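Enquirer:
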Amino acid sequence: MLKKTTLLILIISLLSCQSKKKRFADLNLHFTSNLKIDSVFISNITQDREFQFLPFSNKMHIEFNDSINDLYNINFYTEKGLIMNQMWLNGNQVTIKGSISNKITIDTVIGSNLYYKSTAFKKKYKKLVDEDSLDSSKINLFLLEHTKNNVNNPLSIEISNHFFLRNINNKKQLNNIYTILTNQPNDIKVHLLNPIKKIENILTDKKIDFSKHTFYDDKNNLVNISLDEAKTYLIDFWFVNCPPCVKDHMLIAKKLKTLKQNNIELISISTDNDHNTWIDYLRKNNYNWSNFREIENYNNRITTKNLITVFPTYLVIKKGNILKRSHSFSFIEEYLSIK
Numbered sequence: 001m002l003k004k005t006t007l008l009i010l011i012i013s014l015l016s017c018q019s020k021k022k023r024f025a026d027l028n029l030h031f032t033s034n035l036k037i038d039s040v041f042i043s044n045i046t047q048d049r050e051f052q053f054l055p056f057s058n059k060m061h062i063e064f065n066d067s068i069n070d071l072y073n074i075n076f077y078t079e080k081g082l083i084m085n086q087m088w089l090n091g092n093q094v095t096i097k098g099s100i101s102n103k104i105t106i107d108t109v110i111g112s113n114l115y116y117k118s119t120a121f122k123k124k125y126k127k128l129v130d131e132d133s134l135d136s137s138k139i140n141l142f143l144l145e146h147t148k149n150n151v152n153n154p155l156s157i158e159i160s161n162h163f164f165l166r167n168i169n170n171k172k173q174l175n176n177i178y179t180i181l182t183n184q185p186n187d188i189k190v191h192l193l194n195p196i197k198k199i200e201n202i203l204t205d206k207k208i209d210f211s212k213h214t215f216y217d218d219k220n221n222l223v224n225i226s227l228d229e230a231k232t233y234l235i236d237f238w239f240v241n242c243p244p245c246v247k248d249h250m251l252i253a254k255k256l257k258t259l260k261q262n263n264i265e266l267i268s269i270s271t272d273n274d275h276n277t278w279i280d281y282l283r284k285n286n287y288n289w290s291n292f293r294e295i296e297n298y299n300n301r302i303t304t305k306n307l308i309t310v311f312p313t314y315l316v317i318k319k320g321n322i323l324k325r326s327h328s329f330s331f332i333e334e335y336l337s338i339k
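Its first residue numbered 1, the sequence shown is counted upward by one per residue in full-length UniProt numbering.
1) Exposed or buried, what is E131 when buried is set at 16 or more other beta-carbons lying within 10 Å of its beta-carbon?
2) So the beta strand (DSSP E) H327 belongs to, where does it begin and stop?
3) Rounded to the nearest angstrom, what separates V223 and Y216 at their Cα positions?
4) Alpha carbons only, please: which of P312, T258, T78 is nearest the one belonging to L35?
5) Within the continuous alpha helix (DSSP H) that includes E265, where are the two ends?
6) Report the three-state DSSP secondary structure of E294 (helix, strand or coil).
7) Indicate whether G98 and L114 have their beta-carbon atoms separated by less than 9 Å.
8) Give the single residue among K254, D107, I100, D274 whose Cα lies nearest to the Cα of I338.
9) Once the 5 residues before and after N169 are set aside, which same chain residues still bring their CB inside 8 Å of it?
10) Are the CB atoms of N65 and T32 within a distance shorter than 9 Å?
11) Please specify which runs of the beta strand (DSSP E), each continuous and at least 3 residues long, are wholly inside the region 90–135, giving them in chain order.
12) What do you get for R293, buried or exposed, if any count of 16 or more other CB atoms within 10 angstroms of its CB means buried?
13) Quick one, are the C-beta atoms of I157 and I188 less than 9 Å apart?
14) With distance defined between alpha-carbon atoms, name the residue in T105, Q261, D218 nearest to T277.
15) Does the distance from the CB of I269 to the CB of I317 come in under 9 Å?
16) To test your reading of the DSSP string, which unbroken alpha helix (DSSP H) runs of 4 or more residues are found completely within the region 182–270?
17) Near V129, which residues of its chain fall below 7 Å by C-beta distance, leaving aside the five closest residues on each side in sequence?
18) Under a three-way DSSP split, which group does K21 fall into?
19) Going by alpha carbons, who is nearest to N75 out of N85, F51, N167?
20) If we call anything under 9 Å between Cβ atoms a contact, is T271 one with F311?
21) On the CB-based measure, 16 or more other CB atoms within 10 Å of its CB, does S118 come out buried or exposed?
22) Count the other CB atoms within 10 Å of the CB of M87; is the residue buried (16 or more) or exposed (fewer)?
23) Between D107 and the rest of its own chain, which residues show a CB-CB distance below 8 Å, the 5 nearest in sequence each way excluded?
24) Between which two residues does the beta strand (DSSP E) harbouring Y314 extend?
25) Closest by CA to I225, which one among D236, Y233, S211?
What follows is the structure, encoded as structure tokens:
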């Protein structure tokens, strides 16, 4: 009888252990809140590996379709509206504990060292920029070092993007970061947000060919853009709901005469899909310089072919050669000496 009782206890104990193990899924969310929360949306940042809408509970155990090794959206739909959060995560059976009020507060993350690496980087980077905003060399060294230290994990994508945007006009520096990024694992190298292809494009492609593309004019007709080889062109890539683009247009409008005096022709190319939204913006602000709009076919757009994904983007070109590129009109002013 004693043996049977002992065996029964052992079986119950094993079943209990198995039950507890099953409670830990790929991602485990333990959140407290005084708010009424309806649901949770979880995806990786590009929404190609994970995309799940789930009913909310204080403890959620979520199985993923793929491994955890990316930047993730974890968004809560509450009575006060959408409360969003993004987190770099890796590992297995990751547990996130926190609370939700007007924002998401993370108390602890178990099973993902990438989360703590990312928060430590962001804190150090912000402090460095605040203290040494004018010391580009110091900031560049910091970003290069941290990209190299994280080259085998996806955090290197975020770090290298900071470096890329700071040094888009400096091919020597871009070559430095490109050399590091070539050592990334392939699954990180092909990530949609990885700047390596854009950097490679800048380092190797010195021309832009307008003859291969068509655009919409202000009458919504398909047209080609012909460039005069004797002229220098300032190409402005933008879209209506882009605050930096709108702000720069106010500056550009004041410089049209100066551009013309220097034999520089401005051509603005919008990526907007809606013709009426685009044309209403131009007419409202009386922007009468050469304006065109990209075609709907994304794969055949000039911005797609030239990996232009940050706006505004300005290119100074002559005879099809890219002389300078920037995301700031002020920088272009200095380069063209038209201030």
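Virtual Cβ for every residue (Gly too), placed ideally from N, Cα, C. Small disclaimer: the values here were computed from a predicted structure and weren't measured.
Expert: According to the structure data:
1) exposed
2) H327 -> no beta strand (DSSP E), and no H or E assigned at all.
3) 6 Å
4) T78
5) First-last for E265: 264–270, but that is the beta strand (DSSP E), not the alpha helix (DSSP H).
6) strand
7) no
8) K254
9) K324, R325, S326, F331
10) no
11) 94–100, 104–110
12) buried
13) yes
14) D218
15) no
16) 186–189, 196–204, 243–254, 256–261
17) I139
18) Note that K21 scores 48 on pLDDT, short of 50, meaning its location in the model is unreliable and no value can be drawn from it.
19) N85
20) yes
21) buried
22) buried
23) K97, G98, S99
24) 313–318
25) S211
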